[in-house]
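For the sequence shown, UniProt numbering gives the first residue as 1, with consecutive numbering after it. In this text, a Cβ means the ideal position worked out from N, Cα and C, and glycines have one as well. One structure is given here, and the rest of the page talks about it.
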Amino acid sequence: MTIINFMPVYRQAPVSLRLLEERLDEAVERAASEDVTLILPKGRTDLASRFGEGKVVLADETIGFLYGNDTAAAKLLSGEKPVPSSVTGAAEDEVVSGEAWLCGQDGTKRVWLEGANDPVEVDATTTAAGLLSVTAVPTEGLRAVYLGYPQSRFLVPGELDEPMELSCDYMCVYTDANCMANALHEIATTFHRECCGRCVFGYEGGYQLETILGDAVGKRGRMGDLDLMRDLCPTMSTQSLCELGRIMARTVQEGIDLFGDELDRHVSKRSCPAGECKAFMTYHILVSRCTGCGDCLAACEEDAITGKDKFVHVIDQKACIQCGRCLEACGEGAVVMAGARKPKTPPRPIPCKRS
């Protein structure tokens, strides 16, 4: 028997499900004549109801990576949890993606750009530059193209023209406006959420990577964290029992190799160069706009603002908890958020230039 897997690896990139919706009549006819079982998300009973009895298994749609492992997907047929028992390719029953089943070996691949409404169709053998061209993404200010699981790799500007076999459904583009430390933390969080917990290095190692990266972008990083991750990743790559833990380690290792300096600045300099990490953002009151009205003063519950009538108010950065109430309260636009570049403000209240 063949298992046809329609579970999206990424919920924001349901390529196989989109194809099934478009070719539903064809899929129903084929399933009736072939020895196949379809895996569909529990929330898509509208699709499942079109197939005959015993042809569909419904699965938890809050995870996606695990269904890419053949041994995990196969366990669903007997009502077990999708926990991998080995690497992909070891299942007794053949597991085929819904896209491959419906489209065959047509030499194309469909990929979903983060934030897009629809996937694009490209040659299975392509380049990152080709992907950017088809998706109409400008390359100005480009820092990296991330190809999602199971490919899970970063492509930087110098690698955009390298040929590759596309095996993922999802891609994300990072520019100068993005913090790569934050990007790596988000990727690690997704991986750890998908971990089954079967092995120590896959689950606990993933937890450590997610926590360390979370500390870095949360302004809690410690000296030595980068070295700890560099030591952990190679061990995870060899000791994790399935490919999910191994690929997570490889991805984080690649991210550290490419963007280690930026990660280090989060820890050693307590600075986010891109100004994206909220923990590093600070609030300031501009001299040129403040009228000394006192609205921000009244809104601050931490008493982190000093000032009086017709004097420019000043925020005590040590007392400020970055709640944003002052920003919401100011009707003059005098309160601003700042990242790596801070505006010049007085150390104590001074007479306002505006009234």
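Pick from the options that is closest to residue i, judged by C-alpha positions
i	options	result
Arg-220	Met-229, Asp-231, Gly-245 and Ser-268	Ser-268
Gln-317	Arg-348, Asp-309 and Ser-288	Arg-348
Tyr-10	Ala-188, Gly-148, Ala-274 and Thr-238	Gly-148
Leu-31	Val-56, Arg-44, Gln-12 and Ser-16	Correcting the residue type first, residue 31 is Ala in the shown sequence and not Leu. Ranking the options by Cα distance to Ala-31, first place goes to Val-56.
Cys-196	Leu-244, Glu-162, Gly-98 and Ala-177	Leu-244
Thr-235	Glu-254, Gly-205, Ala-100 and Cys-290	Gly-205
Tyr-174	Leu-132, Gln-151, Asp-161 and Tyr-207	Leu-132
Arg-18	Ile-256, Phe-51, Val-87 and Arg-110	Arg-110
Val-87	Gly-202, Asp-176 and Asp-25	Gly-202
Glu-262	Ala-249, Arg-250 and Cys-277	Cys-277
Glu-254	Ser-85, Ala-73, Met-229 and Glu-121	Met-229
Glu-302	Asp-295, Cys-323, Gly-294 and His-284	Cys-323
Gly-68	Gly-54, Gly-89 and Glu-332	Gly-89
Leu-76	Thr-37, Arg-193, Thr-45 and Tyr-207	Thr-37
residue 359	Glu-159, Arg-325, Leu-209 and Pro-138	This structure gives no information on residue 359, because the portion of the chain shown stretches from 1 to 355.
Cys-293	Val-252, Lys-353 and His-266	Lys-353
Lys-342	Val-122, Gln-12, Gly-107 and Cys-272	Cys-272
Asp-264	Val-252, Thr-238, Leu-226 and Val-134	Leu-226
Tyr-170	Tyr-207, Asn-117 and Glu-159	Asn-117
With 16 other Cβ atoms within 10 Å as the buried cut-off, status of residue i
i	result
Thr-2	exposed
Lys-81	exposed
Val-200	exposed
Pro-14	buried
Pro-119	buried
Ser-33	exposed
Leu-113	buried
Ser-16	buried
Ser-152	buried
Ile-212	buried
Asp-161	exposed
Pro-8	buried
Thr-45	exposed
Ala-136	exposed
Glu-194	buried
Ile-256	buried
Ile-315	buried
Cβ separation of residue i and residue j, assumed to be a contact under 8 Å, to the nearest whole Å
i	j	result
Arg-23	Leu-102	6 Å
Ala-274	Cys-179	4 Å
Leu-40	Phe-6	5 Å
Gly-98	Ile-4	6 Å
Pro-150	Cys-168	6 Å
residue 400	Leu-297	A query on residue 400 cannot be resolved here, the shown segment of the chain reaching from 1 to 355 and no further.
Ala-319	Val-252	The Cβ separation is near 35 Å, so there is no contact.
Proximity below 9 Å, CB of residue i to CB of residue j
i	j	result
Ala-329	Ala-304	no
Gly-224	His-185	no
Glu-61	Gly-79	no
Thr-126	Leu-155	no
Leu-286	Val-335	yes
Phe-259	Ala-177	no
Thr-282	Lys-310	no
Leu-20	Leu-47	yes
Ala-73	Val-95	yes
Ser-85	Thr-71	yes
Tyr-146	Ala-183	yes
Arg-198	Leu-232	no
Arg-270	Gly-333	no
Gly-339	Asp-295	no
Asp-123	Thr-139	no
Any non-hydrogen atom of the ligand SAM closer than 8 Å to residue i Cβ
i	result
Lys-344	For the ligand SAM, the structure offers nothing, since it holds no ligand at all.
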